[in-house]
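Chemist: Going down the list, the protein sequences come from chains C and V.
Our numbering puts the first residue of the first sequence at 18, with every later residue one more than the last.
Our numbering puts the first residue of the second sequence at 3, with every later residue one more than the last.
The C-beta atom is built at its ideal place from N, Cα and C for all residues, glycine as well.
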Amino acid sequence: MKYRDYYETLGVARDASAADIKKAYRKLAHQFHPDVSKEKDAEEKFKDVAEAYATLKDPDKRAAYDQLGRHSQGESFTPPPEWEQHFAQSFGDSFGGSGANFQDVDLSDLFAAFGGGGRGRGRSRPSAWPGQDFEVNAPITLEQIHAGSEVDIELTVPEVGADGMPHRVNKTFRVRVPKGAEDGQRLRLAGKGGPGQGGGPNGDLYLVLSVVPHPLYRVSGRDLSIDLPLAPWEAVLGATVEVPTLGGTVEMNVPAGTAAGRRLRLSKRGLPSAKGDPGDLYATVRIEVPSDPGATERGLYQQLKDASSFDPRARFSKGG
Amino acid sequence: MTMAIETVEAHWIEARGDYSTHDLAQLSGLPLELIETLVAHGALPAEPTHAAESVVIVRRARRLRDDFELDSNGFAVAVSLLRRMRALEQEVDALRARFG
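1. Among C:Arg315, C:Asp52 and C:Ala207, which one has its Cα closest to the Cα of Asn219 of chain C?
2. What residues in the segment 61–72 of chain V bring their beta carbon closer than 7 Å to a beta carbon of chain C?
3. Hey, how far is the Cα of Phe63 of chain C from the Cα of Pro156 of chain C?
4. Counting only C-beta atoms, is Thr26 of chain C closer than 8 Å to chain V at any point?
5. Thinking C-beta only, is Val53 of chain C closer than 8 Å to Leu27 of chain C?
6. Which residues, in chain order, does the segment 205–234 of chain C contribute to contact with chain V at a C-beta distance below 8 Å?
7. Here's the rule I'm using: 16 or more other beta-carbon atoms within 10 Å means buried, otherwise exposed. How should Gly113 of chain C be labelled?
8. Applying a beta-carbon distance threshold of less than 9 Å, which residues of chain V neighbour Arg191 of chain C?
9. I need the straight-line Cα distance from Arg43 of chain C to Ile7 of chain V, nearest angstrom please.
10. Closer than 8 Å by C-beta to Gly255 of chain C: which residues in its own chain qualify, once you throw out the five before and the five after it? Chain order, please.
11. So which residues on chain C does Arg85 of chain V lean against when the C-beta distance must stay under 8 Å?
12. Could you please give the first and the last residue of the uninterrupted alpha helix (DSSP H) stretch that includes Val53 of chain C?
13. Where does Lys209 of chain C land, buried or exposed, given buried means 16+ other C-beta within 10 angstroms?
14. Using 7 Å as the cut-off, classify the Cβ of Glu49 of chain V as near or not near the heavy atoms of the ligand ZN, replying yes or no.
15. Answer with buried or exposed for Gln149 of chain C, where buried requires no fewer than 16 other C-beta atoms within 10 angstroms of its C-beta.
16. Here's the rule I'm using: 16 or more other beta-carbon atoms within 10 Å means buried, otherwise exposed. How should Gly44 of chain V be labelled?
17. Please report the Cβ distance between Thr262 of chain C and Leu298 of chain C, rounded to the nearest whole angstrom; I am assuming they are in contact, meaning their Cβ atoms lie under 8 Å.
18. Can you give me the Cβ contacts of His231 of chain C inside the same chain, cut-off strictly under 8 Å, excluding the 5 residues immediately before and after it?
19. Does the structure place the segment 67–82 of chain V close enough to the segment 279–297 of chain C that three or more beta carbon pairs sit under 8 Å?
20. Along the alpha helix (DSSP H) that carries Thr26 of chain C, what are the first and last residues, could you check?
21. List the DSSP bridge partners of Thr266 of chain C.
22. Are at least three pairs of beta-carbons, each pair with one atom in the segment 20–35 of chain C and one in the segment 33–50 of chain V, less than 8 Å apart?
23. Between the C-alpha atoms of Leu317 of chain C and Pro329 of chain C, what's the straight-line distance to the nearest angstrom?
24. Assuming Thr173 of chain C and Val186 of chain C make a contact with CB atoms under 8 Å, what is their CB distance in whole Å?
25. Got a sec, what are the start and stop residues for the alpha helix (DSSP H) Glu93 of chain V sits in?
26. Would you list, in chain order, the members of the segment 251–279 of chain C that have their beta-carbon closer than 7 Å to a beta-carbon of chain V?
Rendered as structure tokens:
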């Protein structure tokens with residue numbers, strides 16, 4: 018079994034008071050809680066912090082943890098033999114009690130079992146408790162949403178094996194994402210969370226779809242927006258331009274006299290909907306100018322300047 | 003460590019238009035009375051059914067309650083603020099999509 022130094026994780030001394038432990042936990046929770054923090058790897062860091070606090074805040078668990086003595090972070094160690102019996106009581110009669118299997122148990126699962134999943138105390142076999150719910154982010158591209166697809170979600174979950182022992186296993190769930198999924202949408206995979214204890218049901222696994230930022234499109238609900246660069250002459254004279262959509266390239270008529278910032282709508286070219294009409298694609302016009310015009314182009318622009326009476330700032334002289 | 007690929011059928015929370023107060027309690031892992039208190043305090047709309055979004059918000063608030071050891075008042079405030087935050091996020095998304 019691998020040792021985890023919970024005191025080090027929380028940044029407190031081994032003789033820290035309960036108040037100091039709580040204070041350290043709260044500080045780190047504010048820093049790393051996935052619902053609060055934007056820090057990279059916040060979720061993983063918070064899991065470590067929460068695991069450490071779940072053990073050290075409970076006097077019984079802390080005393081049991083302290084019995085393990087001091088080890089380095091990640092060092093292999095052998096827990097006291099009586100722990101195996103406590104563990105067997107928590108995880109049912111099917112537990113065979115082989116020392117080799119017990120060595121594979123995760124330290125956090127061991128302490129959760131000691132406390133009846135963290136919800137109670139006592140050394141007797143706990144009553145039925147449902148397993149823990151897990152929630153993980155599942156990145157998905159706009160192309161996958163548009164076409165509907167299968168995504169593979171890889172994660173490490175506790176699972177009770179045939180010997181009745183919980184082990185951490187790497188699992189890959191292949192989930193069908195139907196056309197029209199949305200950013201932030203939740204998928205509930207019933208019974209795929211943590212194992213229940215004492216005959217309780219397994220927890221659920223929730224996948225939260227997270228749309229990967231797209232180099233071209235911005236998303237608002239079912240609608241997409243794209244910047245549509247136009248040459249000055251296209252904006253003035255009008256043009257037929259090609260616009261990329263998720264369903265393929267389409268031609269769009271740009272009316273003559275189109276100003277920068279104008280939004281042109283391509284009906285039903287946004288994201289599909291599971292319930293009704295698809296969204297629209299909005300093209301926001303940007304006027305681009307050549308960064309290094311040649312002599313001929315410069316000459317033509319000069320001619321245009323001389324010939325035109327257009328004053329784009331006329332409203333300034335009229336006070337707005 | 004073992005590796006396996008499992009193809010699973012998933013239940014889309016958003017696939018249903020509305021959830022009863024009982025559903026909301028079950029999916030969020032909270033007692034029914036607490037959900038009713040949220041409605042009574044105005045943290046959730048006083049409707050017979052709740053939008054899928056409320057499931058997501060209440061589950062998130064429950065995590066905050068558990069991890070920050072919030073009392074019932076703090077929990078109700080968290081639900082209200084999460085609802086407000088969600089509405090603002092949608093507004094920001096719409097503006098960002100429009101103006102880049």
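Modeler: Straight from the coordinates:
1. C:Ala207
2. Arg62, Arg65, Leu66, Asp69 and Phe70
3. 20 Å
4. no
5. no
6. Arg205, Leu206, Ala207, Lys209, Tyr223 and Leu224
7. With a pLDDT of 47 at Gly113 of chain C, under the threshold of 50, the predicted position of this residue should be treated as unreliable, though the coordinate-derived value follows. Answer is exposed; the Cβ neighbour count stays below 16.
8. Ile7, Glu8, Thr9 and Val10
9. 37 Å
10. Asn270, Val271, Pro272, Ala273, Gly274 and Thr275
11. Per Cβ cutoff of 8 Å: no residues; Arg85 of chain V is ~14 Å from chain C at best.
12. Premise fails: Val53 of chain C is in no alpha helix (DSSP H) and is neither H nor E.
13. buried
14. Here there are no bound small molecules, and the ligand ZN is not part of this structure.
15. buried
16. exposed
17. 6 Å
18. Thr158 and Leu159
19. no
20. Tyr23 to Leu27
21. C:Pro261
22. no
23. 19 Å
24. 7 Å
25. Ser74 to Phe101
26. none
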